[in-house]
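S.K.: In our numbering, the protein residues as written are 1 to 129.
1. Alpha carbon to alpha carbon, how far is residue 51 from residue 57?
2. Starting from the N-terminal side, write out each stretch of the alpha helix (DSSP H) that is 4 residues or longer and does not extend beyond the segment 19-71.
3. Around the C-beta of residue 102, are 16 or more other C-beta atoms found within 10 angstroms, so that it is buried, or is it exposed?
4. Just the Cα atoms here: how many angstroms apart are residue 65 and residue 90?
5. Compute the minimum distance between the beta carbon of residue 68 and the heavy atoms of the ligand NAD, and state whether it is under 7 Å.
6. Does DSSP classify residue 11 as helix, strand or coil?
7. Distance check for residue 98 and residue 104, CA to CA, integer angstroms please.
8. Would you kindly work out how many angstroms separate the C-alpha atoms of residue 69 and residue 108, rounded to a whole number?
9. Can you tell me the Cβ-Cβ gap for residue 43 and residue 14, rounded? I've got them flagged as a contact below 8 Å.
10. Helix, strand or coil: which one does DSSP assign to residue 4?
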């Protein structure tokens, strides 16, 4: 079977999302109930991934299929679509971190590191050096 551009793009997006979450082909294929070699062919674009498998992949990777394929809605749209309320900057940051688990992990680690650093001057608003 010849590879199509769409198959290659979907495979690359799937691989990137899996790598970003530190999940191996073996782990994801086991969850999906398919052979690792079949999953590898999906990622390589050598086989067309069935829509049901793509949906299961997105679900396991905590993404929508749109997000998995690279379409991201602005965080303010995600929030306003979900609750209809005005959004604060905090809500937007939370929505972004929910969309990007790797970024959330980095922020969490940064905050934990900062908690161990003594503050200069002791003031809550002191951010200078």
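For glycine and all other residues, C-beta sits at the position ideal for the given N, C-alpha and C.
M.R.: The short version:
1. 10 Å
2. As for any alpha helix (DSSP H) of minimum length 4 sitting wholly inside the segment 19-71, the runs are 25-32, 36-44, 51-60 and 65-68, ordered along the chain.
3. exposed
4. 26 Å
5. What this structure holds is no ligand at all, so the ligand NAD is not there to describe.
6. helix
7. 7 Å
8. Cα-Cα distance, rounded: 26 Å.
9. 6 Å
10. coil
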